[in-house]
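Peer 1:
In the numbering used here, the protein residues as written are 332 to 461.
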């Protein structure tokens, strides 16, 4: 299993529809993957937030407004189109899903990403389980 065993204890609701989750995961793969997006957070002085998602304990919340400063509008528009939503809807989806993905796919402060071929399936399990 490629996600944190404590994950099920902390998260019980799904983030979005399976279709939206699938689109988000493909978008992540096409925009540098989780590691690439984490690097963008670090470039915008959000290292403490990233650390909270990677490490055990409570996660810092991510807000759509922060997404707008980290991800350029053209990149975010790609996600909005794929999810049939607005830029704000895409930012909200990413703000709720990204910390959860990082938390679930990390252990002891380090990412433990599944093999590339399993990333989407694992991500669907993480984001779409009820």
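Ideal Cβ placement from N, Cα and C applies to all residues, glycine included.
Predicted, not measured: the structure shown is a model, and the values here were computed from it.
Should residue 404 go down as buried or exposed, given a rule of 16 or more other Cβ atoms within 10 Å for buried?
Peer 2: Exposed: under 16 other Cβ atoms inside 10 Å.
Peer 1: With a cut-off of 8 Å on the beta carbons, I'd call residue 450 and residue 368 a contact; round off their distance for me.
Peer 2: Residue 450 to residue 368, Cβ: 13 Å. No contact.
Peer 1: Alpha carbon to alpha carbon, what distance is there between residue 431 and residue 417?
Peer 2: Whole-angstrom Cα-Cα distance: 21 Å.
Peer 1: By the DSSP assignment, the alpha helix (DSSP H) with residue 460 in it spans what residues?
Peer 2: Looking at the DSSP string, residue 460 is not in any alpha helix (DSSP H), and its letter there is neither H nor E.
Peer 1: When you compare each of 356, 351, 347 to residue 452 by their alpha carbons, which one comes out closest?
Peer 2: The option with the nearest alpha carbon to residue 452 is 356.
Peer 1: Using the C-alpha atoms, what's the distance from residue 448 back to residue 435?
Peer 2: Their Cα atoms are separated by approximately 17 Å.
Peer 1: For residue 406 and residue 443, what's the separation of their Cα atoms in angstroms?
Peer 2: Their backbone Cα atoms lie some 25 Å apart in a straight line.
Peer 1: Considering only residues of the region 347 to 417, which uninterrupted alpha helix (DSSP H) runs meet the minimum length of 4 residues and lie entirely inside it, listed in chain order?
Peer 2: Those alpha helix (DSSP H) runs which fall completely within the region 347 to 417 and span 4+ residues are 349 to 361, 364 to 374, 378 to 385, 395 to 401, 404 to 413.
Peer 1: Would you mind giving the Cβ-Cβ distance between residue 360 and residue 414, rounded to the nearest angstrom? I have them listed as a contact below 8 Å.
Peer 2: Wrong, their Cβ atoms sit about 15 Å apart, outside the cutoff.
Peer 1: Could you tell me the distance, in whole angstroms, from the CA atom of residue 387 to the CA atom of residue 411?
Peer 2: Each residue's Cα considered, the two are about 31 Å apart.
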